[in-house]
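At position 384 of the sequence shown (counting the first as 1) the number is 383 in numbering that gives the first Met the number 0, and the numbers step up by one without a gap. Cβ atoms here follow ideal geometry from the backbone N, Cα and C, with glycine treated the same way. Below is one structure; the comments refer to it alone.
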Amino acid sequence: MAHFLKPSHLLLFVFFLSLLQSILLTRPEGEALVKWKNSLAPSSFLDSWSLTNLDDLCNWTGITCNSAGSVSEINLYEKQLDGMLSEFSFTSFPNLNSLTLAYNFFSGPIPPAIENLTQLQYLDLSINSLDGPIPFQVSHLQRLLVLNLSQNALQAPNWSQFSPMPFLCSLNLSSNPLASKFPNFISNSHGLTHLSLDQNEFTGDLARESIFANLHNLEVLSLVGNSFEGPFLPNIFKLSKLKRLTLSSNKFLGSIPNDIRLLCDLEFLYLGNNSFEGPLPPNIFKLSKLKHLVLWSNKFSGSVSNDIGLLSALELLNLHSNFFEGPLPPNVFKLSKLRFLNLWGNNFSGSVSNDIGSVSNDIGLLPELEFLNLHSNFFEGPLPPNVFKLSKLKFLHLRGNKFSGSVSNDIGLLPELEILNLRSNFFEGPLPPNVFKLSKLRFLSLKENKFSGSVSNDIGFLSELEYLYLDYNLFEGSIPIGLGLLTNLSYLDLSSNNLSGYIPSDIGNLKLLVFLDLSSNQLTGPLLKIVSNLTNLMNLDVSDNSLSGNIQSDLWKNSISLRYINFANNYLSGNIPKEYNDHPTLEYINLSGNHFTGELPTTICNVTSLAVLVLSNNGLSGALPNCFGKLSDRLLSINLANNQFRGTIPTTFSRSCQVKYLNMDNNEFEGFLPPSLANCKHLKILDIGNNKIGGPFPSWLYVLGEIEVLVLRLNKLYGTISGRSVKDPFPKLRIVDQ
């Protein structure tokens, strides 16, 4: 007699079997995860991974399970994990279809055992420190749809061992040191839609049929930053679905074929930093879906066709560093979606406005424009009034053109402006008051123009300003105390103007200041203690003014970052402070053309980073410290001329002497030229004229094979250059008054 289970018992039995199956699956998976966790550096992110918590595996951090309770997804993106993959049990996860370990600190090789993840569809190991060759077993993951190994330290394997991956849609191997030809397995991975090999060391000529013949589904091809070479890829036109083509920073050359119109779905075309040349093909303007056209740093030439107006979807146009010429085509102003326009470094000319009859075509008709760079062209005339209608403009760079006239007060209508660079033009007149209403301005350069008048204290309203260049203009009056409110300022250059009065102590409030140049003005008064407050200052230039008084010893107290000091051509006096030993980073010191007196302090020898020392045209006296010559392994230029130094020239020029220029003219040095000067084998100019140097002409001068100028006049040297022709040992030598 047959026995049948009651329905309720049957349900219990099925439930029991399901539970048993789940336990049989999850326990080894959980144990494998814990074992791997224990091989990694300790991390609080994995606290839930525990052998005491196996029943809750599907709720562990980064773990997702399928309906049967088996691990289907491991996602540990950006969990700051540190370790290797060698302890990961790839055989323990039969149902894993997604593995994401991106943005961690994993190192070491990718284990070949990864091929055991036979159900894997998504693999992302990007942004780690994995190294070694990519194992060919990765290509055995035949269900894989996405493979991302970018931003590691992986090396190129033998690509011929790789199998085609027919279902692979996205392959990203960018930012590894992969050095090889184009991987051949890619050509037979017919399902690819996205391919990125950026920033590697791939080489070779890609103008071959086989590479692109089968990739009919490709939408994104990115090869940026390699060494691919040859002409523009002729077979690329078979990729009719291509939307993004980025070939920048390779060695491609030649012209762009007119067949480029066959890529009718193209939205992004990046060809920058290659050697493409010639005019743009007419059909490039028939790519009606094009949003980005980037051609920077090539050899393109000729004028830009007015057909550019057909690119109605264009948002970004970058033509910088080519040989384009002529006026801007009128229809460029019809690109109403344009956000970014960069024409830097070409030969464009004419006006930025282009009026044809009653129709006005100018820059003001680009309402979405945020970035405008016309740097280094031949544009001329005044700024068109409509430029101030570009209310979204953040970057306005007009440096190195022939723009002229005054700047309208309407500049205040650009509320989003962050960068304003008008350098090296012919602008004139006073600063428009509304320029100080540009509250988001971070960079302002008016350098090398003819701006005049005073600089208003309202400059203090530019609270976000980090860089301010007003040098080489005709500004006059005092330095505005409002500068002291610009606490974000890093660079301040007011040089080569007609500014007068004292240096305001408010500049001492600029704690972030790195560069300060007030040279070539008419500033007077003492050099205040402002420097001691500027702890980040690296460059200080107050030369060519009328500053007076001593350099206070505590002027240098906190400014330990100084590298460049120029106080030349003022009326400064007193002793040179001995506190140089507190500035081991100093590379350039120029105190020439002042009234300094006394001896050179021995602490100068502690400035071992010094490369240039200029003390000429003062009243300095006494002997040079004997340690002075020990600085010669870094010093490139020494000028002590027109002082009252006496005694002998130091004998301690090092064997690694780097001095190229040595001027001791018009002092009271005596004795002999020290033989250690022969160590300065790169010496080009040696001027010891008008001293009391005696003895025979030193024969060791023959070893100074690079010397070009030798000044010996008004000394007590005698003899000849051993009767030899000057031209033989010194092919470039010019002797002054031997």
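So, is ASN497 buried or exposed, given that buried needs 16 or more other C-beta atoms within 10 angstroms?
exposed
ILE62 lies in the beta strand (DSSP E); which residues open and close that run?
62-64
Under three-state DSSP, which class holds ASP130?
strand
Considering Cα atoms alone, identify which of LEU334, PHE184, LEU614 is closest to HIS291.
LEU334
Counted within 10 angstroms of its Cβ, other Cβ atoms place ASN257 as buried (16 or more) or exposed:
exposed
Using three-state DSSP, classify THR90 as helix, strand or coil.
helix
Would you mind working out which of ASN424, ASN535, SER239 sits nearest PHE514, comparing C-alpha positions?
ASN535
So, for THR523: in the same chain, excluding its five sequence neighbours on each side, which residues have a beta-carbon less than 8 Å away from its beta-carbon?
Counting only residues of its own chain and dropping the five nearest sequence neighbours on each side, THR523 has a CB closer than 8 Å to the CB of SER499, GLY500, TYR501, ASN544, SER545, LEU546, SER547.
Buried or exposed (CB count within 10 angstroms, at least 16 for buried), SER43:
Exposed.
Which whole runs of the alpha helix (DSSP H) in the segment 179-235 are 4 residues long or more, in chain order?
183-186, 208-211
What's the gap between the Cα of LEU98 and the Cα of SER608?
Spanning the two alpha carbons is a distance of roughly 52 Å.
Compare the C-alpha of PHE474 against each of LEU517, ASN714, ALA640, LEU268 and name the closest.
LEU517
Cβ neighbours of ILE757 in the same chain (closer than 6 Å, five flanking residues each side left out):
Because the chain here runs from 0 to 737, residue 757 falls outside it and cannot be looked at.
What does a CB cutoff of less than 6 Å around LEU419 pick up in its chain, not counting 5 residues either side in sequence?
LEU395, LEU443
Would the beta-carbon of LYS683 fall within 8 Å of that of GLU669?
no
Return helix, strand or coil for PHE696, following the three-state DSSP convention.
coil
For my contact list, TYR660 and SER675 are in at a C-beta cut-off of 8 Å; report their separation, rounded to the angstrom.
Between SER675 and TYR660 the Cβ distance is about 17 Å, and since that is not below 8 Å, they are no contact.
Which residue or residues does DSSP assign as beta-bridge partners of SER38?
Answer is none; SER38 lacks a bridge partner.
Answer with buried or exposed for VAL358, where buried requires no fewer than 16 other C-beta atoms within 10 angstroms of its C-beta.
Unreliable positioning characterises VAL358 in this predicted model, as indicated by a pLDDT of 42, which lies under 50. The coordinate reading is nonetheless provided below. Exposed.
Quick one: using the 10 Å Cβ neighbour count with 16 as the cut-off for buried, is GLU28 buried or exposed?
buried
By Cβ distance below 8 Å, which residues in the same chain neighbour ASN520 in space, the five residues on each side in sequence not counted?
LEU493, SER494, SER495, ASN496, ASN497, LEU498, SER499, ASP543, ASN544
How about PHE184 and PRO163: are their beta carbons less than 8 Å apart?
yes
For ILE550, collect the residues of the same chain with a Cβ closer than 8 Å to its Cβ; drop the 5 residues on either side in sequence, then sort them by chain order.
LEU526, PHE566, LEU571, GLY573, ILE575, PRO576
ASP204: which of SER169, LYS250, GLU72 sits nearest, CA to CA?
LYS250
Let me know if ARG654 comes out buried or exposed under the rule of 16 or more other beta-carbons within 10 Å of its beta-carbon.
exposed
Per DSSP, LEU75 forms a beta bridge with which residues?
BP columns for LEU75 are empty, so no partner.
Between GLY224, ASN216, ASN225, which has its C-alpha nearest LEU262's C-alpha?
Per the Cα distances, ASN216.
Mind checking whether SER300 and PHE284 have CB atoms under 8 Å apart?
Cβ atoms of SER300 and PHE284: not closer than 8 Å.
What separation, rounded to the nearest whole angstrom, lies between the Cα atoms of SER350 and SER296?
24 Å
PHE105 vs GLY131 beta-carbon contact at 8 Å:
no
Buried or exposed for LEU232, please, with buried defined as at least 16 other CB atoms from any protein chain shown within 10 angstroms of its CB.
buried
Looking at C-alpha atoms only, which residue of GLY190, THR202, LEU75 is the closest neighbour of PHE211?
GLY190
Under the three-state reduction of DSSP, which class applies to LYS446: helix, strand or coil?
LYS446 falls in the coil class under three-state DSSP.
I believe LYS391 touches GLU417 by the beta-carbon criterion, under 8 Å. Please report the beta-carbon distance rounded to the nearest angstrom.
Contact doesn't hold; Cβ gap of about 12 Å is too wide.
Would you verify that the beta carbon of PHE378 is, or is not, closer than 8 Å to some beta carbon of chain D?
Absent from the structure: chain D. Only one protein chain is present.
C-beta atoms of TYR471 and GLU447 nearer than 8 Å
Their beta carbons are under 8 Å apart, which means TYR471 touches GLU447 by this criterion.
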